[in-house]
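These protein sequence lines are chains X and R, in that order.
Each residue of the first sequence is one higher than the one before, starting from 1 at the first, in the working numbering.
Each residue of the second sequence is one higher than the one before, starting from 1001 at the first, in the working numbering.
A short write-up of the structure that comes next.
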Amino acid sequence: MNTNLVDLIYLISAVFFILGIKGLTKPKTAVRGNMLSAIGMLIAVVITLLDKSIVSYEYIIAGVLVGGAIGGIMATRIQMTSMPQMIALLNGCGGGASLGLAAASYLLTSGGEGYESGVMGGIAVSFVMLTVLIGSVTMTGSLVAFAKLQELISGQSIGFTGIKFLNAALFISAITMLGMLCFDPTNSTLFWGLIAAACILGITIVLPIGGADMPVVIALLNSYSGIAAAAAGFIMGNTVLIVSGSLVGASGLILTQIMCVAMNRSLTNVLFGVMAEGSEAIDADEVYAGKVKSAQAEEIAMILETARRVVIVPGFGMAMAQAQHAVRELSDVMEDKGIEVEFAIHPVAGRMPGHMNVLLAEAEVPYDQLVEMDRINPTFEQTDVAIVIGANDVTNPMAREDKGSPIYGMPILHVDKAQTVVVIKRSLSPGFAGLPNPLFAMDNCLMVYGDGKKAVIEITAALAMS
Amino acid sequence: MEMIVMQLALFVLSLFLGVELITKVPPTLHTPLMSGTNAISGITLVGAVIAAGAGDSASGLVHGLGFIAVVMATINVIGGYLVTNRMLAMFKRKN
């Protein structure tokens, strides 16, 4: 087939991808956007299959059947709480596919002999090796991220003091091999060495990163998988790969940045496992001593009854307790009583960007009730009751007031400004940041101790009866 | 050389377009955005089928790598689009 025609059709599918992402800018158009994007994919794949350069179809058909079955089963069976694991696996597959494709294209040029000599050949080889490098790191790094999220291995930082130097050594040797291959593409030992170094690097980069930083890592690996696809596009001179790869790369980068800001962490700190140090140790007993008040479900129901506006602040603890549906029922009962109910969603409320929204959408909470941090924060002063369920660090006023605190500067939800704050929590144990939360000791704060789901159901029942 | 410069230009412009587009996606849809872009990055399928379908002149290793690439890219495409659709279908307005 005419290459120009093929390229034009690739352009059409690139446009479909762009329209697809544009559709995702509004919940109303999002389903259609996803369809458009899928149509773009179908067009690109069909035109490639019709293109003359394909000789044998056995491996393709077998691959599509196997991959389609795995992908289909994963997509339909996965629990919404496990979505970060699914994304980690998809990132890994993206990296792996780019790696496989780059390696195959290298071997197709009879082990590097087919490349032109001189600058052009060098550039061509450098694209192949870059794809190999990024693809390998993405693949193994994502697998480690998956294992951590699935708790196959400890979610805590794993490593030893010198791991930074090991990573640096691996990275430098990978880059050196990449450079040497550009001058001598036929050296297949270097080629396999590069793959090995990059695969190990992916593992040792992600292992030391702690569980709290996982949202950043997933977003970053998402970006890498896109960049790997774009680099693969340079190998094949394929425009649609370049365009879509860079779209994905940009998306991952933006989400990485959003997560970093929301956690008050710089990307370097996340990648090198550096935690901020507080200037003085804070004693939990001193913060809480005699000031924490607790309440029963009936008392909370009485307070809610007179409220006009209630904001629910969910954290991942709510999802762990499987309390989403119970929370939605509480919200329904309150709305029936004419109370205005909104949900305040901190960017890191879930385990990945937007995760909490999906969990609440699954529990049939309408999306217009889910309000992002910047928009809901000014409204807390007009809020009668804020109900915090399974969230901790994102409500800690120390982030706003205590300059010596390690979380100082982290954007938080200003729940303490509400008339009454109800915190549903098992105990006074600290969150990921390991800090006591002065919110719990405030005059307007009431603690409801116990299992999130059970407590919410009790409050709902008490409120419905009154 | 001209070709590579053109492709680089395309790459850089797409990055900027990506940044412009993605910043408009509301936080509510960030998870479907990630799975949706994962599906899009399954576009490597286009390159993978070329490697997997290279014909008998290619070695078994090439076919093997091509096959693995096709499997992984298809997981991304099918898994990505399906799970995105499943999530987006749950997002409902009030009433």
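We put the beta carbon where it would ideally sit given N, CA and C, even for glycine.
Look at R:G1018 and X:G233 and say whether their C-beta atoms are less than 9 Å apart. Not in contact: R:G1018 and X:G233 (Cβ atoms no closer than 9 Å).
Considering only their Cβ atoms, is the gap separating X:P353 from X:L439 smaller than 9 Å? no
Measuring CB to CB, does X:A433 end up less than 9 Å from X:N396? yes
Through-space distance from X:M83 to X:I258, alpha-carbon basis: 19 Å
Compare the C-beta of X:F146 against all C-beta atoms of chain R and say whether one is closer than 9 Å. no
Is it buried or exposed, X:Q156, if we count other Cβ atoms within 10 angstroms and call 16 or more buried? exposed
So who's on the other strand from X:R475, going by DSSP bridges? Chain X is shown only over 1 to 466; residue 475 of chain X falls outside these bounds and no answer can be derived.
Give the DSSP-derived three-state secondary structure of X:A386 in the structure shown. strand
Put X:K337 into one of helix, strand or coil per three-state DSSP. Of the three classes helix, strand and coil, the one that applies to X:K337 here is coil, per DSSP.
Please confirm if X:L8 has its CB atom under 9 Å from at least one CB of chain R. no
CB contact below 9 Å: X:V119 versus chain R: yes
Quick one: is X:M302 near chain R, going by C-beta distance under 9 Å? no
Any C-beta of chain R under 9 Å from that of X:C445: no
Beta-carbon proximity list for X:T29, same chain, < 6 Å, skipping 5 on both sides: G23
By a C-beta neighbour count over all protein chains shown, 10 Å radius and 16 as the cutoff for buried, is X:I134 buried or exposed? buried
Give the list of continuous beta strand (DSSP E) stretches no shorter than 3 residues that lie fully inside the stretch 368-446 of chain X. 370-372, 385-389 and 420-425
Apply the 10 Å Cβ neighbour rule to X:V46 and answer buried if 16 or more other Cβ atoms are within range, or exposed otherwise. exposed
Let me make sure I understand the geometry here. Which of X:D51, X:S13 and X:L36 has the alpha-carbon closest to that of X:T3? The candidate whose alpha carbon is nearest that of X:T3 is X:D51.
Return the Cβ separation of X:D213 and X:V270 in integer angstroms, given the expectation that the two are a contact with Cβ distance under 8 Å. 5 Å
Go to X:T502, then tell me how far its alpha helix (DSSP H) extends in each direction, as first and last residue. A question about residue 502 of chain X goes unanswered here, because the residues of chain X that appear run from 1 up to 466.
Consult DSSP for R:P1026 and reduce its assignment to one of helix, strand or coil. coil
From X:P527 to X:N34, what distance separates their C-alpha atoms? Any property of residue 527 of chain X remains undetermined from this structure, which presents chain X solely from 1 to 466.
Pick from X:L241, X:G409 and X:E458: whose alpha carbon is nearest that of X:Y10? Scanning X:L241, X:G409 and X:E458 for the CA closest to the CA of X:Y10 turns up X:L241.
Using a Cβ-Cβ distance under 9 Å, would X:K337 count as near chain R? Taking Cβ atoms only, chain R never reaches closer than 9 Å to X:K337, which makes this a no.
Any chance the stretch 1059-1068 of chain R sits against the stretch 369-384 of chain X, with 3 or more Cβ pairs inside 8 Å? no
Quick one, are the C-beta atoms of X:A297 and X:A462 less than 9 Å apart? yes
C-beta neighbour in chain R for X:P27, strict 9 Å: At least one CB of chain R lies nearer than 9 Å to the CB of X:P27.
For the stretch 47-75 of chain X, which residues have a CB atom closer than 7 Å to at least one CB atom of chain R, in sequence order? T48, L49, S53, I54, V55, S56, Y57, Y59, I60, A62, G63, V64, V66, G67, G68, I70, G71, G72, M74 and A75
Minimum Cβ-Cβ distance from X:D283 to chain R less than 9 Å: no
Using a Cβ-Cβ distance cut-off of 9 Å, determine whether X:L101 contacts chain R. yes
Mind checking if X:I345 is an interface residue toward chain R, Cβ cutoff 9 Å exclusive? With a threshold of 9 Å between beta carbons, X:I345 makes contact with chain R.
Would you please state the rounded distance, in angstroms, between the beta carbons of X:M410 and X:N264? I believe it to be under 8 Å. 3 Å
Please name the residues in the stretch 237-253 of chain X whose beta-carbon is closer than 9 Å to at least one beta-carbon of chain R, in chain order. G237, N238, T239, V240, L241, I242, V243, S244, G245, S246, L247, V248, G249, A250, S251, G252 and L253
Rounded straight-line distance, which links the Cα of X:L207 to that of R:G1036: 27 Å
Using a Cβ-Cβ distance under 9 Å, would X:H414 count as near chain R? Under the 9 Å criterion on CB atoms, X:H414 is classed as non-interfacial with respect to chain R.
For X:V341, the nearest candidate out of X:Q369, X:A321, X:H355 and X:E329 (CA to CA): X:Q369
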